[in-house]
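Novice:
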Amino acid sequence: MGKKTEVFNAQIRVDKMKKPFRALKVTDNIFWVGAIDWGIRNFHGYATNRGTTYNAYLILANKVTLVDTVKAPFKDEMFSRIASVIDPEKISYIISNHSEMDHSGCLPETIKLTRPEKVLASSMGVKTLKEHFHYDYEIAAVKDGDRLSLGDMTVQFMETRMLHWPDSMFTYIPEREILFSQDAFGMHLATSQRFDDEIEWSILEEEQAKYFANILLPYTGFIRKLLDKISESGLKFKMILPDHGPIWRRNIEKVIGLYDKWSRQEPSKKAVIIFDTMWGSTAKMALSIADGLTEAGIDVKLMPLSSCHRSNVATELLDAGALVVGSPTINNNIFPTVADALVYLKGLRRKNLIGAAFGSYGWGGEAVKQINEWLGGMGVEVINDGLKLKYVPDEVSLVKCRELGALVAEKLVRKCNSSD
Ligand code: FEO
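Here is the structure:
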């Protein structure tokens, strides 16, 4: 890697008007140089209905520093944005806060093209990047609390292991109170606005909840420790710059408050009913169970899996207290869409749920027992053996469904009251 000691001079060899993409100024000497992926709708199994962004940031300090890169197909967009404010060869340092390929995909090529003095990552990041790209250049490992001078600014590193990968870390500029938080506080949201105060809060909250529920939920223990560490350290944030979605400059306390709330995983008087159906019988059961719950004052989300994506189910479960699962029996098994949702939810490890199973069947009726076993394996407190009904339920049978809904409600209210 070539040595670079020149101080940045924006006038040198940069004709920004000729660049198809432009950098966006975040604050003095800090620019957003990421990419907007308007069309993505499937992010490794997560339905990204509003697209996403891959945020990279350029710090125009004496040592020009790039924080993270973008997904490989978006390399030209990132380079164009960088080149709209500076010759990319003037980048001295590249910091990789997170090795996942939506942020590191074009890192090898960026290193090749810019030949920085240093590339820095956490010790796990060094290992993970090598295992992804099998390169032969050197990446320097930084530890929690390490500081690096950029000349007229400093960056400080904070390991955030398992948020949400072993390599994940934050980078902080103490002089400016600016945090580069990689995936944390991010969301999948493609917009032409780059700041939180330019976007409706209801959209931010919805997409932030979805991101938390689908990406961060398994690691809430680490989030609680991190929030404690931030609180004890007295670190202040004027801005939080995540790797996806808008930059936080107005709602910082609010979003940290949401992380605090969601990471506690406390139960609430809300039930999520998921099911699929072959000939409408399990659907009828679901409706009657929902009515029993509703009458008892429980907020119900009824989610037919033929039309509701697993990642939306995970989002609804984030602030729920009960998961009720229905499936017909098909060839001695759970219906495939129900199995898909259960596998996905098991990985997300939502805590403090009660649960119940139901379903219509013709002869074997194994699905209800299998759902209960699955719920048990997820750590859900299963309230009884479940309810299975033969073929098409009549009115008397549907009253039993209603009673199941009422029983779930009773147990849920008791659980919520005992945790108050
Ligand atoms: Fe946005 Fe974990 O990558």
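For my numbering, add 761 to where a residue sits in the sequence shown, where the first one is 1. Note that beta-carbon positions come from the ideal geometry of N, C-alpha and C, so glycine has one too.
1) Is the distance from the Cβ of L924 to the Cβ of L1002 below 8 Å?
2) I'd like to check one pair, N823 with D907: are the Cβ atoms closer than 8 Å?
3) Flag this pair as touching only if the segment 1123 to 1137 and the segment 1008 to 1024 have three or more C-beta atom pairs under 8 Å; answer yes or no.
4) Let me know the beta strand (DSSP E) ranges lying completely inside the segment 1004 to 1091, each 3 residues or longer, listed in chain order.
5) Fully enclosed by the segment 878 to 943, which alpha helix (DSSP H) runs are 4 residues long or longer?
6) Could you check the C-alpha separation between S992 and L940 for me, to the nearest Å?
7) Under a three-way DSSP split, which group does L827 fall into?
8) If we ignore side chains and look at the alpha-carbon of each, how far apart do R802 and V1157 end up?
9) Identify every run of the alpha helix (DSSP H) within the segment 946 to 989, keeping only runs that are complete inside it and at least 4 residues long; order them along the chain.
10) If V828 sits next to T932, beta carbons under 8 Å apart, how far is it from one beta carbon to the other, in whole angstroms?
11) What do you reckon, are the CB atoms on D928 and S963 nearer than 8 Å?
12) I'd like the span of the beta strand (DSSP E) that includes V787, first residue to last.
13) What is the rounded straight-line gap between the Cα of V1153 and the Cα of R922?
14) Return the Cβ separation of V1086 and V1099 in integer angstroms, given the expectation that the two are a contact with Cβ distance under 8 Å.
15) With 16 as the cutoff for other CB atoms within 10 Å, does G763 come out buried or exposed?
16) To the nearest angstrom, how far is the alpha carbon of R774 from that of I843?
17) Does the pairing of the segment 951 to 965 with the segment 1047 to 1064 give three or more beta-carbon distances under 8 Å?
18) Taking the beta carbon of K997 as the centre, do at least 16 other beta carbons fall within 10 Å, making it buried, or is it exposed?
19) Under the criterion of a Cβ to heavy atom distance below 7 Å, does H893 qualify as lining the ligand FEO?
20) Within 10 Å of its beta-carbon, does K851 have 16 or more other beta-carbons around it, so buried, or fewer, so exposed?
21) Which class does F1096 belong to by DSSP, given the choice of helix, strand or coil?
22) Counting pairs of beta carbons, one from the segment 830 to 839 and one from the segment 972 to 981, are three or more of them closer than 8 Å?
23) Less than 8 Å between the C-beta atoms of L950 and G1006, yes or no?
24) Please report how far the alpha carbon of P1065 lies from the alpha carbon of D1037, in whole angstroms.
25) For V768, which residues of its own chain have a beta-carbon under 8 Å away from its beta-carbon, when the five flanking residues on both sides are left out?
26) What is the C-beta distance between T854 and P877, in whole angstroms, given that I count them as a contact (C-beta under 8 Å)?
27) Is any heavy atom in the ligand FEO found nearer than 7 Å to the beta carbon of W926?
28) Give me the Cα-Cα distance between K891 and E870, rounded to the nearest whole angstrom.
29) Where do the N-terminal and C-terminal ends of the alpha helix (DSSP H) with K1176 fall, by residue?
30) Quick test of your reading: N816 and G795, contact by CB under 8 Å. State the CB separation rounded to the nearest angstrom.
31) Based on the DSSP secondary-structure assignment, which residues constitute the bridge partners of I1197?
32) Can you give me the start and stop residues for the alpha helix (DSSP H) that L1114 sits inside?
33) Taking 7 Å as the limit between beta carbons, can you name the residues of its chain near N770, skipping five residues before and five after?
34) Starting from I1132, follow the alpha helix (DSSP H) in both directions and report where the run begins and ends.
35) Could you check if V1104 is buried or exposed, using at least 16 other CB atoms within 10 Å of its CB as the buried criterion?
36) Under 8 Å between the Cβ atoms of K1045 and L1159?
Specialist: So, to answer that:
1) The answer is no: Cβ separation not under 8 Å.
2) No, Cβ-Cβ distance for D907 and N823 is not below 8 Å.
3) In short, these stretches do not touch, since the Cβ pair count stays below three.
4) With a minimum length of 3 residues, the unbroken runs of beta strand (DSSP E) contained wholly in the segment 1004 to 1091 fall at 1031 to 1036, 1060 to 1065 and 1083 to 1087.
5) The qualifying runs are 884 to 894.
6) If you draw a straight line from the Cα of S992 to the Cα of L940, it comes to about 14 Å.
7) Strand, per DSSP.
8) Taking the straight line from one Cα to the other gives about 43 Å.
9) Runs of the alpha helix (DSSP H) inside the segment 946 to 989: 962 to 972.
10) Between T932 and V828 the Cβ distance is about 6 Å, and since that is below 8 Å, they are a contact.
11) Contact: no.
12) Annotation: the continuous beta strand (DSSP E) that includes V787 extends over L785 to T788.
13) Between V1153 and R922, the alpha-carbon positions lie close to 51 Å from each other.
14) That belief holds up - the Cβ atoms of V1086 and V1099 are roughly 7 Å apart, short of 8 Å.
15) At G763, the pLDDT of 45 sits below 50, so the modelled position is not reliable and the matter cannot be decided from this model.
16) With a pLDDT of 46 at R774, under the threshold of 50, the modelled position of that residue is not reliable, and the figure given next carries that caveat. The straight-line gap from Cα to Cα measures roughly 13 Å.
17) Touching, no, given that fewer than three Cβ pairs across the two stretches are closer than 8 Å.
18) Classification for K997: exposed.
19) If you check the C-beta of H893 against the ligand FEO, you find no heavy atom less than 7 Å away.
20) Buried, because 16 or more other Cβ atoms sit within 10 Å of the Cβ of K851.
21) Reduced to three states, the DSSP call for F1096 is coil.
22) Touching, no.
23) At a Cβ-Cβ threshold of 8 Å, L950 and G1006 count as neighbours.
24) Taking C-alpha positions only, P1065 is separated from D1037 by approximately 6 Å.
25) Only weak support exists for where V768 lies, its pLDDT of 36 falling under 50; the coordinates are left without a value.
26) Inspection of the sequence shows that residue 854 is occupied by Tyr rather than by Thr. Contact between Y854 and P877 holds: CB atoms are separated by about 6 Å, below the 8 Å threshold.
27) Checking every heavy atom of the ligand FEO against the Cβ of W926, one is found closer than 7 Å.
28) Whole-angstrom Cα-Cα distance: 14 Å.
29) Per DSSP, K1176 belongs to the alpha helix (DSSP H) from E1156 to S1180.
30) Contact check for N816 and G795: beta-carbon distance about 4 Å, within the 8 Å limit, so the pair qualifies.
31) Because the chain here runs from 762 to 1181, residue 1197 falls outside it and cannot be looked at.
32) Per DSSP, L1114 belongs to no alpha helix (DSSP H) and is neither H nor E.
33) Any reading at N770 must be qualified, since the residue scores a pLDDT of 36, below 50, and its modelled position is unreliable; the value itself is stated next. For N770, where only same-chain residues beyond five positions count, there are no Cβ hits under 7 Å.
34) For I1132, the uninterrupted alpha helix (DSSP H) run begins and ends at E1127 to G1138, by DSSP.
35) The Cβ neighbour count for V1104, taken over all protein chains shown within 10 Å, is under 16; the residue is labelled exposed.
36) Yes. Within cutoff.
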